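Visitor: Got a structure for you, questions after.
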Amino acid sequence: MAVESMTDVRDDALRLLSNGLYVLTTVLDGMIHAAAVSWITQASFQPPLVLIALRTNSRLAQAVQKSRRFALNILGADQEALAEHFLTHLTLPADALDLAGHDYRLTQGRCPLVTEALGWLECRVAAEPPTPGDHALILAEVTGAGIRRPGQPLVLWRTRWSYGGLRD
Amino acid sequence: MPIPDTTKDVLRLFSYGLYVAAAIGADGPRAATVSWVTQVSFDPRLLAVAMRKDSSICETVRASRRFTLHVVGADQTDFARAFFRFSQAGPEDIAGYHYTVGPTRAPVFDHAIAWLACEVVEEANASGDHALFIAQIVGSGQRVPGAAALTLRDTPWRYGG
């Protein structure tokens, strides 16, 4: 079979990759930053490491690179409406009463947790692997975790949105 | 300190697909099922794939710098299961699945619903138990347009935590 280099074909294959949808939060200089992210994978069992790709020079990437700590909120399959509130980067004062109308609390490392989420991870940035790509890579060690309720997580391809293949 | 079991449970809430990675090394072709995969750049189109450091697929990809990542279809659990462990490789098949070697010099299985030809541009994750390959997508094919991909959650298997 010939290698296809047509853009649409390559895009179709890339869009078959399965991703979740998570809300990343961090605090930097008295401001809370929160946004939905999707390009995430575990990268090691021992130590427990996760890899996250964030658009280079985005406010979210810059905040994480400086704060060195963040939380990942795992949304439930029924929380597409909640996810929608975080599709654009949210910046709020650290004493805000809520995040886009959603209750939150702070971890010991002062990362905001969306209390309605299924569960959460608190992570410490361990490395920023070099990449020639348009997203910065963050390799982070899991330093805390919690589950609030049983349930199935939100999966990107079951939502109205996609983030993969060619930029859309 | 986190409670280890909670960390495991939360990490298992991450969403993954199932893929068969294939490469050709000095000892011949190798293929293995992987799930820790994500796109990491639009332009250039890059993927990150984590592979257990003591696995033969990891050593083969590290040496050859190129591999094919095959998307396992929703009804192809047998295709994924065939590459959980080291499989006998022949000149035309691995574990009974026929392949051809494309221009990127890595095996391409006829059976996959879609595949991505990848060239390693960076290797990271010195501190972890998996190597992290950052790879550029240099080609692709889709055999069954419209076919759905198998997700790890829809199988009895877990890889995370």
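Taken in order, these protein sequences are the chains called A and B.
Each step along the first sequence adds one to the number in our numbering, with nothing skipped, and position 45 is 45.
Each step along the second sequence adds one to the number in our numbering, with nothing skipped, and position 115 is 283.
Built from N, CA and C at the ideal position, the CB exists for glycine as well.
Since this is a predicted model, take the numbers as computed values, not measurements.
1) Give the straight-line distance between the Cα atoms of residue 44 of chain A and residue 223 of chain B, rounded to the nearest whole angstrom.
2) For the stretch 125-140 of chain A, enumerate the residues whose C-beta is nearer than 8 Å to any C-beta of chain B, in chain order.
3) Per DSSP, which residues does residue 135 of chain A bridge with? Please list them.
4) Answer with yes or no whether the minimum CB distance from residue 298 of chain B to chain A is below 8 Å.
5) So residue 184 of chain B contacts chain A; which residues on that side make the cut at Cβ distance below 8 Å?
6) I want to see whether chain A comes within less than 8 Å of residue 248 of chain B, judged by CB atoms only; does it?
7) Run the CB neighbour count on residue 149 of chain A, radius 10 Å, all protein chains shown included, and call it buried at 16 or more, exposed below.
8) Quick one: what does DSSP say residue 232 of chain B is sitting in, helix, strand or coil?
9) Check whether the stretch 130-147 of chain A touches the stretch 208-217 of chain B, taking contact to mean three or more Cβ pairs, one atom from each stretch, closer than 8 Å.
10) In chain order, what are the residue ranges of uninterrupted alpha helix (DSSP H) at least 4 long that sit wholly in the stretch 217-290 of chain B?
11) Output needed for residue 115 of chain A: all residues of its chain with C-beta closer than 7 Å, excluding positions within five of it in sequence on either side, in chain order.
12) Given that residue 290 of chain B touches chain A, what residues does it touch there, using C-beta distances under 7 Å?
13) Taking 8 Å as the threshold, find out whether the stretch 181-188 of chain B comes into contact with the stretch 198-205 of chain B through three or more Cβ pairs.
14) Between residue 139 of chain A and residue 51 of chain A, is the Cβ-Cβ spacing less than 8 Å?
15) Kindly say whether residue 264 of chain B, judged by its beta-carbon, lies nearer than 8 Å to any beta-carbon of chain A.
16) Run through DSSP, which three-state label would residue 116 of chain A get?
17) Return the CA-CA distance between residue 297 of chain B and residue 226 of chain B, expressed in angstroms with no decimal places.
18) Whose Cβ in chain A lies nearer than 7 Å to the Cβ of residue 194 of chain B?
19) Would you mind working out which of B:299, B:322, B:250 and B:264 sits nearest residue 228 of chain B, comparing C-alpha positions?
20) Can you give me, in chain order, the residues of the stretch 227-252 of chain B that have a beta carbon less than 7 Å from any beta carbon in chain A?
21) In angstroms, rounded to a whole number, what distance separates the CA positions of residue 66 of chain A and residue 89 of chain A?
Guide: Straight from the coordinates:
1) Numbered from 1 along the first sequence, position 44 holds the residue referred to as residue 44 of chain A. Numbered from 1 along the second sequence, position 55 holds the residue referred to as residue 223 of chain B. Cα to Cα, residue 44 of chain A sits roughly 14 Å from residue 223 of chain B.
2) 126, 127, 129, 130, 131, 132, 133, 134, 135, 137 and 139
3) In the first sequence, the residue the question calls residue 135 of chain A occupies position 135. The partner list for residue 135 of chain A (beta bridge, DSSP) reads A:55.
4) Translated into positions along the second sequence, residue 298 of chain B becomes position 130. Chain A contact via Cβ: present.
5) Against the second sequence, residue 184 of chain B aligns to sequence position 16. Here the neighbours are 18 and 41.
6) Position 80 of the second sequence, counting from 1, holds the residue named residue 248 of chain B. No, residue 248 of chain B does not count as interfacial toward chain A.
7) Counting from one through the first sequence, the residue named residue 149 of chain A turns up at place 149. Result: exposed.
8) The residue you call residue 232 of chain B lines up with position 64 of the second sequence. Residue 232 of chain B falls in the helix class under three-state DSSP.
9) yes
10) 224-232 and 245-249
11) Your numbering for residue 115 of chain A matches position 115 in the first sequence. Result list for residue 115 of chain A: 103, 104 and 105, in chain order.
12) On the second sequence, position 122 is the one that residue 290 of chain B refers to. Going along chain A in sequence order, the residues near residue 290 of chain B (Cβ under 7 Å) are 129, 130 and 131.
13) yes
14) Stepping through the first sequence from its first residue, residue 139 of chain A is reached at position 139. Stepping through the first sequence from its first residue, residue 51 of chain A is reached at position 51. Result yes, Cβ atoms of residue 139 of chain A and residue 51 of chain A sit closer than 8 Å.
15) Position 96 of the second sequence, counting from 1, holds the residue named residue 264 of chain B. False, the Cβ-Cβ gap to chain A never drops below 8 Å.
16) Within the first sequence, numbered from 1, the residue matching residue 116 of chain A stands at position 116. DSSP places residue 116 of chain A in coil when its eight states are reduced to three.
17) Residue 297 of chain B sits at position 129 when you count from the first residue of the second sequence. Residue 226 of chain B sits at position 58 when you count from the first residue of the second sequence. The straight-line gap from Cα to Cα measures roughly 11 Å.
18) Here residue 194 of chain B refers to the residue found at position 26 when the second sequence is read from its first residue. Going along chain A, no residue has its Cβ under 7 Å from residue 194 of chain B, so there is no contact; the nearest lies around 24 Å.
19) Against the second sequence, residue 228 of chain B aligns to sequence position 60. If we check each option's Cα against that of residue 228 of chain B, B:299 comes out closest.
20) 239
21) In the first sequence, counting from the first residue as 1, residue 66 of chain A sits at position 66. In the first sequence, counting from the first residue as 1, residue 89 of chain A sits at position 89. Cα to Cα, residue 66 of chain A sits roughly 16 Å from residue 89 of chain A.
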